[in-house]
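*Asks:*
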Amino acid sequence: MLRDRYDRKVTYLRVSVTERCNFRCRYCMAEKPFSWVPKENLLSYEELFSFIKIGIDNGIQKIRLTGGEPTTRENLDELIGMIHTYAPNVDIGLTTNGFLLPAQAEKLKCAGLRRVNISLDSLNRETLDYITQKDVLEQILTGIDAASDAGLSIKLNSVILRGINDHEIVPLFEYAKEIGAQIRYIEYMENSHAHETLQGLRSDEIIEVLGKSYPFIPIDRDESGPANLYETPDGYRFGTIEPHRHDFCATCDRLRLTAEGDLIGCLYFEGAKSIKEAIREGNIAKATQILEDVVFNKPEKNLWGIENIEISSRAFYRTGG
Ligand code: SAM
Ligand code: SF4
């Protein structure tokens, strides 16, 4: 079992399979990066899987594939299949913008994918076009249908930005409820790769808006997730993810691996250790030692909650969010 110096158990590994993306969301990759990591520097699926196996053997129970946009890397089902065959009980999830799900949902489910978190920030074509800098709404909605038809469990992620999509808090809630998907409103996390004028709504503002339209009560947090959860009288659950909250990191159970093989203890900080060399040498003991070091040295908390807001220089599209 992996434990950090604050006695937090680490059981969840997020793996970014590519930093590349087919969208340019203003809060994540407002502009195309000056250069992409050269392909030869990326870990192959076999190399990623070698490390994932070490993680599973040391107590990782939940894996989420992310990016960049993970579905833009070819044959993602192969990596899912490797993990699922090795450890059928490990919970494999995917975080995606949904654009390529119409073609891939069924294949990914058959390979062993259980759940999918789809980012959807607006139900208005022009607004979503403005946020993602691409005309995507229709295809994302088709992707959501495809995921549902494939039998995947679906959550929706929405980042609410002041003056941009803050009038859509209720419509997004109603859409999610109608399709039976839990919506989680993620507070915008300030970072140097985002468009500089953006301002996010805090969760208490979002909850206040929703409270004017629907009754709901807070319920206990799901142990396996970072969201604060709420429930309506008819049993629909939704959540908020509040990285600015002072105690957000107290239950953090996760590590992040980039497509280049950097193992990261916290989304906010630059610190990372590369497992690439150890994996390419086939040196399991060395890779395990790096894993234990990164877990042990996980920072206690991020700095997003600090007054006057600290801005992280981490690129979400590299770390996988
Ligand atoms: N491309 C996929 C997607 O958009 O779902 C996966 C990668 S994306 C980096 C993962 C998650 O991070 C998405 O839900 C996205 O909305 C969220 N995200 C990205 N930048 C963010 C920011 N600055 N603040 C809050 N959430 C952010
Ligand atoms: Fe791409 Fe996801 Fe970042 Fe949007 S949030 S630019 S879809 S990686």
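Per numbering that gives the first Met the number 0, the sequence shown starts with residue 0, numbered consecutively. Ideal Cβ placement from N, Cα and C applies to all residues, glycine included.
Measuring alpha carbon to alpha carbon, tell me which residue in R220, G260 and A146 is nearest T17.
*Replies:* Start at 1 with the first residue of the sequence shown, and residue 17 comes out as number 18. Ranking R220, G260 and A146 by Cα distance to T17 puts G260 first.
*Asks:* Spell out a yes or no on whether the stretch 290 to 307 and the stretch 256 to 271 are touching, meaning 3 or more CB-CB pairs, one atom from each, closer than 8 Å.
*Replies:* yes
*Asks:* Is F33 near the ligand SF4, judged by its Cβ being under 7 Å from some heavy atom?
*Replies:* The residue labelled residue 33 in the question sits at position 34 within the sequence shown. Residue side-chain check: F33 keeps its Cβ at 7 Å or more from all non-hydrogen atoms of the ligand SF4.
*Asks:* Excluding five sequence neighbours on each side, which residues of the same chain lie with their C-beta closer than 6 Å to the C-beta of N57?
*Replies:* Here the question's residue 57 lines up with position 58 in the sequence shown. These residues qualify, in order along the chain: L1.
*Asks:* So within the stretch 226 to 256, which uninterrupted beta strand (DSSP E) runs reach at least 3 residues, ignoring any that extend past its ends?
*Replies:* 227 to 230, 236 to 240 and 253 to 256
*Asks:* By Cβ distance below 7 Å, which residues in the same chain neighbour T318 in space, the five residues on each side in sequence not counted?
*Replies:* For the purposes of this step, residue 318 is identified with residue 319 of the sequence shown, where counting begins at 1. Apart from sequence neighbours up to five positions away, the residues of its chain that approach T318 with a beta-carbon distance below 7 Å are S15, R255, T257, I263 and L266, ordered along the chain.
*Asks:* As a quick exercise: from K176, I117 and I218, pick the residue whose alpha carbon is nearest that of I185.
*Replies:* Indexing the sequence shown from 1 puts residue 185 at position 186. Here the closest residue by C-alpha is I117.
*Asks:* CB I178 to CB I168, shorter than 8 Å?
*Replies:* Working through the sequence shown from its first residue, we reach residue 178 at position 179. Working through the sequence shown from its first residue, we reach residue 168 at position 169. Cβ atoms of I178 and I168: not closer than 8 Å.
*Asks:* Which residue spans inside the stretch 163 to 212 form an unbroken alpha helix (DSSP H) run of at least 4?
*Replies:* 168 to 178 and 202 to 210
*Asks:* Could you tell me which uninterrupted beta strand (DSSP E) segments, each at least 3 residues in length, are contained entirely in the stretch 102 to 136, listed from first to last along the chain?
*Replies:* If we require 3 residues or more, the beta strand (DSSP E) runs fully inside the stretch 102 to 136 come out as 114 to 118.
*Asks:* Please list the terminal residues of the continuous beta strand (DSSP E) segment that includes L302.
*Replies:* The residue you call residue 302 lines up with position 303 of the sequence shown. Element bounds for L302: n/a, residue is neither H nor E.
*Asks:* Output yes if chain B places a C-beta closer than 8 Å to the C-beta of D261; else output no.
*Replies:* Of the protein chains in this structure there is only one, and it is not chain B.
*Asks:* Would you list the one or two residues that DSSP bridges to D261?
*Replies:* Translated into the one-based positions of the sequence shown, residue 261 becomes position 262. Residue pairing by DSSP puts D261 in a beta bridge opposite S273.
*Asks:* Got a sec: does the ligand SF4 put a non-hydrogen atom nearer than 7 Å to the Cβ of S157?
*Replies:* Residue mapping note: residue 157 aligns to position 158 of the sequence shown, counting from 1. S157 Cβ: outside cutoff for every heavy atom of the ligand SF4.
*Asks:* Is the beta carbon of D76 closer than 8 Å to that of A110?
*Replies:* The residue labelled residue 110 in the question sits at position 111 within the sequence shown. The residue labelled residue 76 in the question sits at position 77 within the sequence shown. Yes; because the gap between Cβ atoms is below 8 Å, this pair is in contact.
*Asks:* Is the closest heavy atom of the ligand SF4 to the C-beta of R23 under 7 Å?
*Replies:* As a first step, residue 23 must be located in the sequence shown, where it is residue number 24. Yes, since a heavy atom of the ligand SF4 falls inside the 7 Å radius drawn around the Cβ of R23.
*Asks:* Keeping to the same chain, check which residues put their C-beta closer than 7 Å to that of W35; ignore five residues upstream and five downstream.
*Replies:* For the purposes of this step, residue 35 is identified with residue 36 of the sequence shown, where counting begins at 1. Taken in chain order, the residues that qualify are E18 and R19.
*Asks:* Looking at C248 and the ligand SF4, is the gap between the Cβ and the nearest heavy atom below 7 Å?
*Replies:* Walking along the sequence shown from the start, residue 248 turns up at place 249. No.
*Asks:* Is the beta carbon of I53 closer than 8 Å to that of I91?
*Replies:* As a first step, residue 91 must be located in the sequence shown, where it is residue number 92. As a first step, residue 53 must be located in the sequence shown, where it is residue number 54. No, these two residues do not count as a Cβ contact at 8 Å.
*Asks:* Confirm the yes/no value for this check: CB of E68, any heavy atom of the ligand SAM, distance under 7 Å.
*Replies:* For the purposes of this step, residue 68 is taken as the residue at position 69 of the sequence shown. In this structure, E68 has its beta carbon less than 7 Å from a heavy atom of the ligand SAM.
*Asks:* So I278 packs on S49, CB below 8 Å; how close in whole Å?
*Replies:* Walking along the sequence shown from the start, residue 278 turns up at place 279. Walking along the sequence shown from the start, residue 49 turns up at place 50. Rounded, the Cβ-Cβ distance is 5 Å, consistent with contact.
*Asks:* Check whether the Cβ of T95 sits closer than 7 Å to any heavy atom of the ligand SAM, and report yes or no.
*Replies:* The residue you call residue 95 lines up with position 96 of the sequence shown. Within the cutoff, so yes.
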